[in-house]
Amino acid sequence: MLSGPSVTLFPDSPDILLHGGPGDAGDGVITGRVVVAGRQAAQVARVTVTLRTRRGRMFHAQYLAAPATQLEAAAAAARVLAGGAREWQFSLSVPGALAETVYSRTCFVAYELVASAQGGGGGALGGFAGFSVQSRACDVAVKRVPKAGSMWMAISSSPVCETAVWRGRLELTVMAESRIVHDGQQVAVRGVVRPLEKGLVVASAGFQLAEHISLGGTATDPAAESPSKRVVAEGRAAMRAAVAAGRPSGAVALAAEATAERVLEVPAAYTGIQYDVHRAPIRTSHELALVLTVADALGCVHNLRLATPVFVLPRAGFQRTGLPRYEAAAADRLIASGAGPARRDSDFWSQFVLVDTDAAALPDPPVSPAAARPPAPAGYSAAAADADAPPPPPYPGAARAIIERTVVPASGTDPAIISAAGRATSRRQYRWRPPPVAC
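Numbering-wise (UniProt numbering), the sequence shown opens with residue 1 and increments by one.
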């Protein structure tokens with residue numbers, strides 16, 4: 001019995017980049033070559049390359065969350081290689097509305113490439129039956145990035161300076177290079193704390209990069225979503241300020257501004273962190289947060305968290321800017337990215353605009369505005385408007401779950417245990433008593 005030829009698939013890139021949103025993105029392309037070797041290589045009449053959704057594996061809890069997809073393209077231009085092998089070139093067009101690759105704990109959207117060779121030929125005994133041989137499946141990732149030069153990209157690439165005031169007692173500021181971060185990147189962040197009353201002490205400080213994943217839900221039934229949250233990167237930071245006598249080790253008395261800095265390591269894509277995805281069935285979004293444990297003059301301990309949205313995107317030629325100095329950052333406003341006011345464009349990413357939280361639904365609104373602000377442009381949050389700066393970038397999926405420009409107190413003393421937006425926080429107070437000072 002004669003065996004068929006061996007088929008090997010070599011894609012030029014393991015990624016398929018789609019530029020723009022599902023409604024306006026152009027088709028992506030993946031190219032490569034297929035090598036057919038063996039005694040029957042010359043008898044191959046047709047080579048087909050197929051992009052298909054990857055099936056769930058047996059005895060694994062994860063299931064495929066996207067409709068089955070199968071795109072085919074015929075390879076052409078066979079070339080004879082050494083040893084009689086044939087090389088076929090292929091180019092497969094991918095629609096711009098294809099769902100991106102994403103993994104969660106319970107479901108996933110993933111794709112693979114496979115090549116098949118069909119043919120047949122005559123033999124010494126009067127003919128050899130046709131054959132069809134497939135190659136091993138090759139995993140590919142479908143990634144989506146904003147269009148180059150879009151308004152959203154211009155605003156999100158500018159430095160971040162987010163400030164909020166907690167009950168008129170403490171002003172917190174978090175700064176970063178950009179709202180756009182990439183997998184495997186080192187992100188330099190800075191936090192500044194300015195006391196508005198005497199007697200405040202910072203017991204601990206740190207930064208978190210959190211990921212929010214929502215499963216299910218549709219545009220008409222968002223209540224069907226099942227959100228989950230996890231911290232993908234975090235680190236503690238020391239506050240740079242004078243340490244008062246009689247305070248526990250590491251605590252900092254806030255007599256003036258105190259600063260904390262940290263470099264966060266963003267995990268690898270898919271295994272440690274997912275890219276931002278903004279449509280069902282799996283939605284992912286991210287936020288950068290400054291977390292503090294603060295004790296007031298009465299000894300009550302408060303956990304505070306100032307969060308601002310960030311976007312984890314594939315590397316696609318984004319430019320970086322330097323980390324701003326706090327003294328030159330206007331403290332209580334976003335740094336302007338252009339001279340004129342920002343306008344919404346038709347880009348897909350600009351459709352996700354933060355909606356103001358209903359104050360009546362919160363048990364105790366913790367943040368008071370620092371100053372009255374002019375009306376916001378149509379479609380943007382009024383809390384983020386400023387006369388000299390554009391509104392903040394749109395926050396995908398933030399209308400119901402995520403906090404922006406908000407400080408939330410929570411019970412307990414661990415900064416990692418923080419209440420989410422809209423949850424009722426505990427009224428229980430914990431008193432911290434400093435040790436006696438030796439005379």
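Think of the CB as a built atom: it goes at the ideal place given N, C-alpha and C, for glycine as much as any other residue. For clarity, every value in this text was computed on a predicted model and none was experimentally measured.
By DSSP, does residue i sit in helix, in strand, or in coil?
i	result
Q43	helix
I418	Annotation note: pLDDT 34 at I418 (below 50); position unreliable, coordinate value reported separately. Coil at I418, not helix or strand.
S6	strand
G206	strand
M239	coil
A148	coil
A97	coil
G216	coil
G28	strand
A82	helix
S178	coil
A154	helix
Q62	coil
E261	strand
K198	coil
S135	coil
P11	strand
R52	strand
P67	coil
G130	strand
L170	strand
R230	strand
R57	coil
A256	coil
What distance in whole Å lies between the Cβ atoms of residue j and residue i, which are believed to be in contact at a cut-off of 8 Å?
i	j	result
F10	V49	Actually they do not touch by this definition, with Cβ atoms about 11 Å apart.
V142	T106	Actually they are not in contact, since the Cβ atoms of V142 and T106 sit about 20 Å apart, beyond 8 Å.
E211	R236	That pair is no contact at about 20 Å.
M239	A256	Rounded, the Cβ-Cβ distance is 11 Å, inconsistent with contact.
V47	A75	4 Å
L18	R144	5 Å
A97	V109	With 8 Å as the limit, A97 and V109 do not qualify as a contact, their Cβ atoms being about 13 Å apart.
Between the options, which lies nearest to residue i when the distance is taken from Cα to Cα?
i	options	result
E162	S6, P5, P314 and P309	P309
L209	R33, L298, S132 and A188	A188
V294	E287, S285 and L304	L304
G21	S150, G84 and H60	S150
R55	R33, G184, Q70 and V44	Q70
G191	H182, S204, A68 and A65	S204
residue 450	G216, E87 and I213	Nothing about residue 450 can be reported from this structure: the residues present for the chain run from 1 to 439 only.
Y103	S6, A268 and V29	A268
E234	L64, D183, L290 and R57	L290
P159	M175, P146 and M153	M175
T115	G32, A65, H182 and R283	The residue asked about is misnamed: residue 115 is Ala in this sequence, not Thr. The shortest Cα separation from A115 among G32, A65, H182 and R283 belongs to G32.
V140	G119, G130 and Y111	Y111
E261	G216, L200, Y275 and Q186	Q186
I180	V232, Q43, F311 and G26	F311
A68	H60, T53, R79 and A61	T53
On the DSSP letters alone, give me the boundaries of the beta strand (DSSP E) that residue i sits inside.
i	result
T271	Careful: T271 lies outside any beta strand (DSSP E) and carries neither H nor E.
T106	Where T106 is concerned, there is no enclosing beta strand (DSSP E), given that its DSSP letter is neither H nor E.
P195	Q186 to P195
T308	V301 to V312
R283	I282 to A295
R315	Segment: none, R315 is in no beta strand (DSSP E) and carries neither H nor E.
D15	D15 to H19
A164	V160 to W166
A74	Q70 to A74
R279	V277 to R279
Does the Cβ of residue i lie closer than 8 Å to at least one heavy atom of the ligand FMN?
i	result
L9	No copy of the ligand FMN appears in this structure; indeed no ligand is present at all.
Step through the CB atoms of chain D and report whether any lies within less than 9 Å of the CB of residue i.
i	result
M175	In the structure shown, chain D does not exist; there is a single protein chain.
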